[in-house]
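Residue numbers (the UniProt record's numbering): 1 to 383.
Below is one structure, written out as C-alpha cells; the observations come after it.
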Amino acid sequence: MGYEMFRNIVLQATGDEKVRGKTSADLERRMHDALACLCGPGPDLIVLDEGHRIRDAKSKLVKALSHVETRRRIILTGYPIQNHMKEYWTMVNFARPNYLGTLHEFKNRFVDPIENGQFEDSSESDIILSRKRTFILTKELSTLVLRRDAGYLHRQLPAKHEYVLLCKLSPLQVKLYKAFLRGGVPRNPTTGKIDVLGGYHISLAIVNHPDVLFDALPGKEEVPPPPATSHAVDDDVDSDIEAVEAVVRTMGHRLSFAEPLFAKDYSKGIVEHSGKMVLLLHILRECRRIGDRITVFSQSLPTLNAIQDMLDVYNTYKKDYEKIHAIRIDGSTSQQMRFSRIAQFNDRDEEVDVILISTRAGGEGTSEADARYRNLWLIPTNG
C-alpha cells in the first residue's frame with residue numbers, strides 16, 4: 001500500500017481528517033474494518049520502504065503511523081545518519097518508540113553537542129564532545145540499525161568492465177566543428193563575452209551526430225513532444241536541441257555557421273556522418289551476432305532520435321534476420337509502458353536487440369537484467 005492511501009484511510013477512519021462528502025453507515029463500517037487491519041490490532045509485521053518519507057515528525061503521515069499498534073517494524077532507507085539528525089530520530093522513534101527519548105531529549109543529548117563540534121571555529125572541547133556523542137549514538141543504534149554497504153552488491157552482481165573508446169570525427173563533423181570555432185561560438189550580445197555553456201551544447205550536438213544540429217536550424221520542422229500523462233516519468237530537460245535553441249533565443253545566435261555545410265539534399269540517419277554512430281552500429285551488430293542484448297543510455301533525447309533514425313535507415317537495406325530491433329524508454333514513456341518494455345527486453349522470446357534509455361527516465365527502478373553490455377553514449381561532463 002502506498003503512503004498516501006494509508007495516510008488518507010487512517011486519518012479519515014480515526015476522525016483526524018474529515019471525509020469529503022456524505023458518509024453512509026456502510027462506508028463507516030468499511031473504514032472501521034480497514035482501520036482494524038492497518039492499525040489496531042494491525043498486521044503482524046509492517047515494513048516501510050523509502051523510510052525517509054517519515055522524516056518530518058509533524059507530518060500527517062507520521063500522525064497516521066502513530067495509530068499503528070504493530071510491534072514488529074522494519075524501515076528500509078539509504079538515509080545517512082550524519083545528515084538531519086532530527087529527521088533520523090523520527091525514523092528510529094517509529095521503529096522503536098521512545099528508544100532515544102523525546103525529540104527534545106534527543107536534541108539536548110545528541111544533536112546539539114554533535115553539531116556544535118562540526119564548525120570550523122569549534123573549540124577543542126566541543127570537537128571532543130561531538131566525537132564522543134557520535135560514538136555513543138552509533139553504539140546505541142547498533143542493535144537497531146542493520147547496515148549494508150556496496151560490498152554486499154559486489155558479491156551478488158557480476159563484475160563490471162569499463163572500456164573507453166575514442167572516436168574520430170567524420171568529414172562533415174570536422175567541417176562543422178572548424179566552422180563553429182571560426183565564428184559559431186555564441187557571445188552575449190550585451191557584454192560580448194563568450195557563452196561557454198551555450199558553446200558547449202553546440203559542440204556536443206556536432207560530435208554526437210550532425211542530425212542533432214540540423215534539427216535545431218531555424219525553419220526546420222520540429223517534432224511535437226509526446227502528450228504528457230499523469231503516469232509519465234519526469235521529462236528530460238538537458239536535450240541538445242533545447243539547449244541549442246536556448247542559445248538561439250537568448251544570444252541572438254542563428255547557427256549561421258552550419259547552414260552552408262548542410263546540402264539541400266541532406267539526408268538524416270546516415271551512419272557515416274558520425275564517428276560515434278559508426279562505432280555504435282558496429283557494437284550493435286556484433287552483439288546481435290553473438291546473441292547479446294545491449295542498453296544505450298543518453299541524457300539527450302535528440303541523440304536517441306538520431307540513433308533511431310540511423311537504425312531505421314540501416315534496417316531498410318537489410319534482410320529480416322540482419323535487422324537490429326530497438327525499443328525505447330524516455331521521459332514521455334508511461335510507467336505501465338515502461339515496465340512492459342523492460343519485461344520485453346528481458347524476455348528472450350521477444351525479438352529485441354537494444355533498448356534506448358534516457359538517463360533520467362532510466363535512473364528510477366529499471367532492471368535490464370539481460371543486458372551483458374551497457375553503452376553510455378553521452379556523458380555530459382566530457383561529451
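Ideal Cβ placement from N, Cα and C applies to all residues, glycine included.
Item to check | Limits of the unbroken alpha helix (DSSP H) element including S7 | outcome: Note on identity: in this sequence residue 7 is Arg, with Ser being the wrong assignment. 3–14 is the extent of the alpha helix (DSSP H) around R7.
Checklist entry - T359 and S267: beta carbons closer than 8 Å? => result no
Item to check | Straight-line gap, C167 to I290 (C-alpha atoms, nearest Å) | outcome: CA-to-CA, the gap between C167 and I290 works out to about 23 Å.
Next on the checklist: What residue range does the beta strand (DSSP E) around S298 cover?
Outcome noted: DSSP places S298 inside the beta strand (DSSP E), whose first and last residues are 293–298.
Next on the checklist: With the cut-off set at 8 Å, would you say V212 and P97 are in Cβ contact?
Outcome noted: no
Item to check | Secondary structure, alpha helix (DSSP H): runs of 4+ residues fully inside the segment 20–71 | outcome: Entirely contained in the segment 20–71, the alpha helix (DSSP H) runs reaching 4 residues are, in chain order, 25–38, 60–65.
Checklist entry - CB R328 to CB L304, shorter than 8 Å? => result yes
Next on the checklist: Helix, strand or coil for R147? Go by DSSP, reduced to three states.
Outcome noted: Here R147 sits in coil by DSSP.
Next on the checklist: Am I right that L35 and A13 are in contact with their C-beta atoms under 8 Å? What's the rounded C-beta distance?
Outcome noted: So it is a contact: roughly 4 Å between Cβ atoms.
Checklist entry - Should L137 be flagged as near chain B, meaning a C-beta pair shorter than 8 Å? => result Considering every chain present, this structure includes no chain B. It has just one protein chain.
Item to check | Straight-line Cα distance separating D215 from T191 | outcome: 29 Å
Next on the checklist: Quick check: what's the CA-CA separation for V31 versus T70?
Outcome noted: The residue asked about is misnamed: residue 31 is Met in this sequence, not Val. So the alpha carbons of these two residues sit roughly 18 Å apart.
Item to check | Neighbourhood of R288 by C-beta distance below 7 Å, restricted to the same chain and skipping five residues each side | outcome: I324, D353
Checklist entry - What is the DSSP secondary structure of L217, counted as helix, strand or coil? => result It is coil, neither helix nor strand.
Checklist entry - Got a sec? Which residues, its chain only, sit under 7 Å from T229 by beta carbon, not counting five neighbours each side? => result With a pLDDT of 35 at T229, under the threshold of 50, the modelled position of that residue is not reliable, and no figure is offered here.
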